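Chains A and B supply the protein sequences, listed in that same order.
Here full-length UniProt numbering is used: position 96 in the first sequence is 96, and no number is missing along the way.
Here full-length UniProt numbering is used: position 547 in the second sequence is 547, and no number is missing along the way.
Presented below is the structure to which this report refers.
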Amino acid sequence: MDKLTLDSIDATTHLDQLEAEAIYIIREVAAECENPVMLYSIGKDSSVMLHLALKAFYPEKPPFPFLHIDTTWKFKEMIEFRDRKAKEFGIKMLVHSNQEGIEQGINPFDHGSSYTDIMKTQALKQGLDKYGFTAAFGGGRRDEEKSRAKERIFSFRNKNHAWDPKNQRPEMWKLFNTRINKGESIRVFPISNWTEKDIWQYIRRENIDIVPLYFAKERPVVVRDGQMIMVDDERMKLEPHEKIETMKMRFRTLGCYPLTGGAQSEADTLDAIIEETLGAVSSERTTRVIDQEEAGSMERRKREGYF
Amino acid sequence: MKSLLKFITCGSVDDGKSTLIGHMLYEAKLLFADQERALELDSRLGSRGGKIDYSLLLDGLLAEREQGITIDVAYRYFTTDHRSFIVADTPGHEEYTRNMAVGASFADLAVILVDATKGIITQTKRHTRICALMGIKHLVLAVNKMDLVDFDTKKFDAIKEEFARITTEFRFESIEVIPVSATEGDNITTKSPNTPWYEGLPLLPYLENVDVHASDDDKPFMMPIQRVCRPDHTFRGFQGQIEAGGIAVGDELTILPSREKANVKRILVTDQDRDSAHAGQPVTIQLDREVDVSRGCVFTKDDQIQEADSFSATILWMDDSVLTPGKNVLVKVGTKVLPGTVTAINYKIDINTGNTVSADHLVKNELAKCEFSLSDGIVFDSFDRNKSIGGFILIDRVTNMTSACGVIDEALQSADQAVRIDAEVTREIRAQQKGQQPFTIWLTGSSALDNAELAKEVEKRLVASGYHTMRIDNQSGESVRQIAAYAALLNDAGLLALVPAGPANDNDQAIAQEMIGQAFLPIEVNDSSSIEEAAKDTVKRVVKALIQV
Numbered sequence: 001m002d003k004l005t006l007d008s009i010d011a012t013t014h015l016d017q018l019e020a021e022a023i024y025i026i027r028e029v030a031a032e033c034e035n036p037v038m039l040y041s042i043g044k045d046s047s048v049m050l051h052l053a054l055k056a057f058y059p060e061k062p063p064f065p066f067l068h069i070d071t072t073w074k075f076k077e078m079i080e081f082r083d084r085k086a087k088e089f090g091i092k093m094l095v096h097s098n099q100e101g102i103e104q105g106i107n108p109f110d111h112g113s114s115y116t117d118i119m120k121t122q123a124l125k126q127g128l129d130k131y132g133f134t135a136a137f138g139g140g141r142r143d144e145e146k147s148r149a150k151e152r153i154f155s156f157r158n159k160n161h162a163w164d165p166k167n168q169r170p171e172m173w174k175l176f177n178t179r180i181n182k183g184e185s186i187r188v189f190p191i192s193n194w195t196e197k198d199i200w201q202y203i204r205r206e207n208i209d210i211v212p213l214y215f216a217k218e219r220p221v222v223v224r225d226g227q228m229i230m231v232d233d234e235r236m237k238l239e240p241h242e243k244i245e246t247m248k249m250r251f252r253t254l255g256c257y258p259l260t261g262g263a264q265s266e267a268d269t270l271d272a273i274i275e276e277t278l279g280a281v282s283s284e285r286t287t288r289v290i291d292q293e294e295a296g297s298m299e300r301r302k303r304e305g306y307f
Numbered sequence: 001m002k003s004l005l006k007f008i009t010c011g012s013v014d015d016g017k018s019t020l021i022g023h024m025l026y027e028a029k030l031l032f033a034d035q036e037r038a039l040e041l042d043s044r045l046g047s048r049g050g051k052i053d054y055s056l057l058l059d060g061l062l063a064e065r066e067q068g069i070t071i072d073v074a075y076r077y078f079t080t081d082h083r084s085f086i087v088a089d090t091p092g093h094e095e096y097t098r099n100m101a102v103g104a105s106f107a108d109l110a111v112i113l114v115d116a117t118k119g120i121i122t123q124t125k126r127h128t129r130i131c132a133l134m135g136i137k138h139l140v141l142a143v144n145k146m147d148l149v150d151f152d153t154k155k156f157d158a159i160k161e162e163f164a165r166i167t168t169e170f171r172f173e174s175i176e177v178i179p180v181s182a183t184e185g186d187n188i189t190t191k192s193p194n195t196p197w198y199e200g201l202p203l204l205p206y207l208e209n210v211d212v213h214a215s216d217d218d219k220p221f222m223m224p225i226q227r228v229c230r231p232d233h234t235f236r237g238f239q240g241q242i243e244a245g246g247i248a249v250g251d252e253l254t255i256l257p258s259r260e261k262a263n264v265k266r267i268l269v270t271d272q273d274r275d276s277a278h279a280g281q282p283v284t285i286q287l288d289r290e291v292d293v294s295r296g297c298v299f300t301k302d303d304q305i306q307e308a309d310s311f312s313a314t315i316l317w318m319d320d321s322v323l324t325p326g327k328n329v330l331v332k333v334g335t336k337v338l339p340g341t342v343t344a345i346n347y348k349i350d351i352n353t354g355n356t357v358s359a360d361h362l363v364k365n366e367l368a369k370c371e372f373s374l375s376d377g378i379v380f381d382s383f384d385r386n387k388s389i390g391g392f393i394l395i396d397r398v399t400n401m402t403s404a405c406g407v408i409d410e411a412l413q414s415a416d417q418a419v420r421i422d423a424e425v426t427r428e429i430r431a432q433q434k435g436q437q438p439f440t441i442w443l444t445g446s447s448a449l450d451n452a453e454l455a456k457e458v459e460k461r462l463v464a465s466g467y468h469t470m471r472i473d474n475q476s477g478e479s480v481r482q483i484a485a486y487a488a489l490l491n492d493a494g495l496l497a498l499v500p501a502g503p504a505n506d507n508d509q510a511i512a513q514e515m516i517g518q519a520f521l522p523i524e525v526n527d528s529s530s531i532e533e534a535a536k537d538t539v540k541r542v543v544k545a546l547i548q549v
């Protein structure tokens, strides 16, 4: 693979265009939708989304709350970051967890894919229903995964939060149709057209703060099924043959710590991360364990209501 | 400076469209290594016996892989040393015309594929027409499968000439015809030794160099208002994206539709103070005086922008339902949404040939010239000058689907003159106007409850839910035939007729069924403890029937 160098990328115009498109979409939703919310997952894409929301309405604060679906298995540093940012920007941060799931002791070690369903998908549905949100912004990008590549920017969900890929509304020019029937809701993806590279370049250009886990550092890890899993707390269950090693590593995506693989890396500055990303040999979702289960698994999950 | 090119690919399954893009990404080494691995893995499942099937890179949805066709628009992103690209791969079949239109509405350029062994076919013409309608100004005709005609320059030239002939009716700014082979890789990223007679650039280098951005900066300033920003009583600003021209602090602008004038006091480009701003930028503008501005107003320095409450337009009908004149819709132009009516279908335009045909209705994927009347004036411009306030969508008032997209041609007479409908006013038109399907609700049974009282209660609830109804109280003891005739008349008026028919009687019901036809909806009332409960249950059943229509 040709390695693209930083100097060869002068994406000012390109990033401005993507930023303008996202801000236009965010403003349209605020103007037309009854009860919007921005989902906040604490990752780099969420940091960009939050930044765009702040810019879109300035000098007003974003006229909607933010919602974090907490599986209770996020990295500690993520939760600290979330609370710090909410305070710093003076935004309303709602947090929802699936209490039933917690009471039943659902965890990523023993419950596999039903963990994702219960603590993420079901929790998200509960959170949206609890507050009666009619539109939810998400940071999904079309370059992440094949089924997302076909999803509209305004994506409709029936009352069970299910997506029907065969019955998507035509989306023409910039004329977004935000009208819904009772019980339906919309997922809105303002950064649909951004790539991972765009995200990183924008973070650098705008000097956006991101969770330190993205930067390489010595961390306690276990190598499991070829994935490098960080031991973030004492709940991590080790197999008999596994042992905790300390490695200089970083994460390309963030999620629940037992399900998020990191990679060995020396990239401890933003420029080093971008350099590494532009020459990347893996697209970012390979480090999320669930996506590789089977062909088309993401599309199936989304039809069932996964964000 | 590096720019972004948004383009689409059009053609049919057999033209090798997905293969072309897949091959371009593969050859240009624009794939991540794990995508390459996945591609090789996926290819084993495919039909090409392990040889790399480049089209698998683009056909993402499961249904598509099973059927081997592209149903929806798929977006792909790639960057070369010279440009960033977003490519929308669109389906070729006529039944997916609307999906192609979605892709085309987003793009600056279209790559249209033809099979060199077949030449220009009907769908090539259809795709060209859709591209033109959606505002694409630049075309590339990729003549594919040149390897199967032995790179015959005569075949290529004939196709090129025919394409020039069919595109004369449109105003495209540039058209490039390139001989390629998507499966073998000729003229995709590098010049093919098989076509020494071809003097132009291969596809990818051409796309890297083509200039598609007609300068929106040269046009007069224009910005539709998205929202009013009022964080507190000290600040009032107007937010939107500049669609044309530039603006500077101190400039005078006109507010449409009020035609008031004001000067710009302050400009914020996102969160930064600026002295000026230009097309494409998201801004917040403060004015030097108090003016009446809300979402849907337009700031401009352009005196050609018009306001009208009726206009003629070319539309692409995209809904599964049938469009007939009289249909009530919501119309979205720029940032303004207004109720309106399709007052006339002037004629249909054959999407393949461009021939006009008279029509009294439209079905999905048909193109037509129509007339519209809106509840209020709307600010617009011709689509050629200002895409953002010249294009519109129609939203169905009942299903909320985006039923059509269109391009405004011209304003019609002013609001003061009566609006006419160019068709006989039928039951369907009257019903559409009310946004409901007419039924005769024939209430029978339940000796314990007063049927007439129940009908009253049911009607109250239906009206409260927005339905248009009429109740027939048979106090003078008229015959079942008489009552059924009244009910049928009310249905003709587009209303829900409510008939408390008393205890069930098979004979009466058969007569009513015959006279009222499909609109007949017999409901046997369940025995309930109270009128309220019975009414609630009845309404539930009526609404269910209405939704299922």
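The beta carbon of each residue, even a glycine, is placed where N, CA and C say it ideally should be.
Predicted, not measured: the structure shown is a model, and the values here were computed from it.
Could you pull the start and end residues of the beta strand (DSSP E) that residue i belongs to?
i, result
"residue 266(A)", "No beta strand (DSSP E) holds residue 266(A); DSSP gives it neither H nor E."
"residue 149(B)", "It is not in any beta strand (DSSP E) - residue 149(B) carries neither H nor E in the DSSP assignment."
"residue 79(A)", "Premise fails: residue 79(A) lies in the alpha helix (DSSP H), 76-89, not in any beta strand (DSSP E)."
What separation, rounded to the nearest whole angstrom, lies between the Cα atoms of residue i and residue j?
i, j, result
"residue 199(B)", "residue 262(A)", "50 Å"
"residue 151(B)", "residue 169(B)", "30 Å"
"residue 124(A)", "residue 353(B)", "49 Å"
"residue 32(A)", "residue 187(A)", "14 Å"
"residue 247(A)", "residue 187(B)", "47 Å"
"residue 296(B)", "residue 427(B)", "35 Å"
"residue 165(B)", "residue 285(B)", "48 Å"
"residue 444(B)", "residue 493(B)", "24 Å"
"residue 19(B)", "residue 153(B)", "23 Å"
"residue 281(B)", "residue 242(B)", "6 Å"
"residue 321(B)", "residue 75(B)", "28 Å"
"residue 135(A)", "residue 15(B)", "40 Å"
"residue 416(B)", "residue 329(B)", "Bear in mind that a pLDDT of 45 at residue 416(B), under 50, signals an unreliable position, so the number given afterwards is only what the model happens to contain. Their backbone Cα atoms lie some 21 Å apart in a straight line."
"residue 69(B)", "residue 70(A)", "Note that residue 69(B) scores 47 on pLDDT, short of 50, meaning its location in the model is unreliable; the coordinates nonetheless yield the value given after this. So the two alpha carbons sit approximately 39 Å from each other."
Do the CB positions of residue i and residue j come within less than 7 Å of each other?
i, j, result
"residue 579(B)", "residue 13(A)", "Because chain B in this structure spans residues 1 to 549, residue 579(B) falls outside the shown range and cannot be described."
"residue 468(B)", "residue 489(B)", "no"
"residue 101(B)", "residue 8(B)", "no"
"residue 314(B)", "residue 265(B)", "no"
"residue 109(A)", "residue 237(A)", "yes"
"residue 112(A)", "residue 254(A)", "no"
Excluding five sequence neighbours on each side, which residues of the same chain lie with their C-beta closer than 8 Å to the C-beta of residue i?
i, result
"residue 306(B)", "379, 380, 381 and 411"
"residue 531(B)", "449, 450, 453, 454 and 457"
"residue 347(B)", "356, 357, 358, 359, 368 and 369"
"residue 117(B)", "145, 148 and 149"
Starting from residue i, follow the alpha helix (DSSP H) in both directions and report where the run begins and ends.
i, result
"residue 131(B)", "122-133"
"residue 209(B)", "203-209"
"residue 26(A)", "12-32"
"residue 112(A)", "112-115"
On a CA-only basis, which of the options is nearest residue i? Give me that one, please.
i, options, result
"residue 466(B)", "247(B), 398(B) and 297(B)", "398(B)"
"residue 74(A)", "243(A), 233(A), 129(A) and 275(A)", "233(A)"
"residue 363(B)", "350(B), 90(B), 267(B) and 208(B)", "350(B)"
"residue 159(A)", "183(A), 144(A) and 168(A)", "183(A)"
"residue 26(B)", "15(B), 11(B) and 77(B)", "77(B)"
"residue 197(A)", "67(A), 65(A), 252(A) and 106(A)", "252(A)"
"residue 435(B)", "508(B), 383(B), 275(B) and 341(B)", "341(B)"
In its own chain, which residues sit with a C-beta less than 7 Å from the C-beta of residue i, not counting the 5 before and 5 after it?
i, result
"residue 452(B)", "473 and 500"
"residue 512(B)", "442, 480, 484 and 520"
"residue 541(B)", "523"
"residue 88(A)", "none"
Using C-beta distances below 6 Å, list every residue in its chain close to residue i, excluding the 5 sequence neighbours before and after it, in chain order.
i, result
"residue 154(A)", "176, 186 and 188"
"residue 298(B)", "224, 256 and 379"
"residue 49(A)", "139"
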